[in-house]
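Top line first, the protein sequences correspond to chains A and B.
All the letters of the first sequence, read from the start, carry residue numbers 1 to 115 under the working numbering.
All the letters of the second sequence, read from the start, carry residue numbers 116 to 263 under the working numbering.
Some notes on the structure that comes next.
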Amino acid sequence: MTMKSSTRQVDGVTIVDLSGRITLGEGSVVLRETVRDLLSKGQKKILLNLGDVNYIDSSGIGELVSAFTTSKNQGGELKLLNLTKKVHDLLQITKLYTVFDVKEDEAGAVKSFTK
Amino acid sequence: MTADRVSYTLDSTLETVNNAEETAGRMATEAGFDDEEVMKISMAVREAAVNAVLHGNAYDPSKKVTLAFERTSHDLVIVIKDQGKGLDASKIPDPLAPENLMKTSGRGIFLIRSFMDEVEIHPSQTGTELIMIKHVHGNPADSKEAPQ
Chain A
1 MTMKSSTRQV DGVTIVDLSG RITLGEGSVV LRETVRDLLS KGQKKILLNL GDVNYIDSSG
61 IGELVSAFTT SKNQGGELKL LNLTKKVHDL LQITKLYTVF DVKEDEAGAV KSFTK
Chain B
116 MTADRVSYTL DSTLETVNNA EETAGRMATE AGFDDEEVMK ISMAVREAAV NAVLHGNAYD
176 PSKKVTLAFE RTSHDLVIVI KDQGKGLDAS KIPDPLAPEN LMKTSGRGIF LIRSFMDEVE
236 IHPSQTGTEL IMIKHVHGNP ADSKEAPQ
């Protein structure tokens, strides 16, 4: 299954609802282009909703790291929301769980962004 | 000891990566692993296939990837070979080191080692052979009590 991405605005935060697989190839490219597009439009408060992402490979992990770094370097903030157990475990073993700002509820996550 | 072995010769394409992952999932399920172990095995094979196709054969259409599964009474043994220049695993930086944590690549071999019980990497001038072993837990042969 390929990855799908859609965006919505909530109180100045862009929530990106992702579903499917973030893997080498299409999934990673969709994520990369979505984040680049948002940053180029000045939408720098980005919340990636991974609730429907059931699989990430090392390439996908690399894309998440890249998205996080690119956002930060452009003065933005990128946070993760609703990790599935698989994705949570993967970020734990790669020691990235504490690097990313991971949130569990959408309203709280939106409020946590810098005003 | 009984053993079932099946092998595939595959092109150096992204499709091969997906096929290898799917086949590994099917093999692991048939070997009796639970869903979580199946996911780990199929992910390890996916990462190994990415290494073979991308880093080993560099998508070269003239180079092939061979993938073999062998089911023994105690193990699922998976061997993947490419025809690249040979992977020197000692030169792969530790992806957990603080200076490497934010790198966007270099986690494949680490994930394979994390998900499998035994991993051997045999590089040569004609390619790299990666052997991944997952022990079959709960095998009836393992749980037999010793004769009194």
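Positions of the beta carbon are idealized from the N, C-alpha and C atoms, including for glycine.
Partners in chain A for residue i, counting only beta-carbon separations shorter than 8 Å
i, result
"V165 (chain B)", "L24, D57, S58, S59"
"R222 (chain B)", "S58, I61, G62, T94"
Secondary structure of residue i, DSSP reduced to three states
i, result
"V168 (chain B)", "helix"
"N133 (chain B)", "helix"
"D101 (chain A)", "strand"
"L202 (chain B)", "coil"
"H237 (chain B)", "strand"
"L226 (chain B)", "helix"
Beta carbon of residue i nearer than 8 Å to that of residue j
i, j, result
"S28 (chain A)", "G60 (chain A)", "yes"
"L83 (chain A)", "V99 (chain A)", "no"
"A204 (chain B)", "I224 (chain B)", "yes"
"K45 (chain A)", "T14 (chain A)", "yes"
"V153 (chain B)", "T144 (chain B)", "yes"
Cα-Cα separation, residue i to residue j
i, j, result
"T69 (chain A)", "R186 (chain B)", "43 Å"
"I193 (chain B)", "G12 (chain A)", "49 Å"
"R8 (chain A)", "M247 (chain B)", "43 Å"
"P208 (chain B)", "K218 (chain B)", "10 Å"
"V10 (chain A)", "R32 (chain A)", "21 Å"
"G116 (chain A)", "I56 (chain A)", "With chain A represented from 1 up to 115, any question about residue 116 (chain A) goes unanswered, as that position is not in the structure."
"T243 (chain B)", "G108 (chain A)", "48 Å"
"F113 (chain A)", "K4 (chain A)", "24 Å"
"Q165 (chain A)", "L39 (chain A)", "Absent from the model: residue 165 (chain A). The displayed extent of chain A is 1 to 115, so no value can be given."
Under 7 Å by beta carbon: chain A residues contacting residue i
i, result
"M158 (chain B)", "D57"
"S266 (chain B)", "In the structure displayed, chain B extends from 116 to 263; residue 266 (chain B) sits before or after that span and is not available."
"L211 (chain B)", "K95"
Residue interval of the alpha helix (DSSP H) (run including residue i)
i, result
"S58 (chain A)", "58–73"
"E26 (chain A)", "26–40"
Where the beta strand (DSSP E) containing residue i begins and where it ends
i, result
"T14 (chain A)", "13–22"
"A183 (chain B)", "179–186"
Listed by chain order, chain B residues near residue i by CB distance under 8 Å
i, result
"L96 (chain A)", "L216"
"V65 (chain A)", "M217, K218, T219"
Partner residues on chain A for residue i, Cβ-Cβ distance less than 9 Å
i, result
"M154 (chain B)", "Y55, K86"
Closer than 9 Å at the beta carbon, the chain B residues around residue i
i, result
"V99 (chain A)", "L216, M217"
"T69 (chain A)", "M217, T219"
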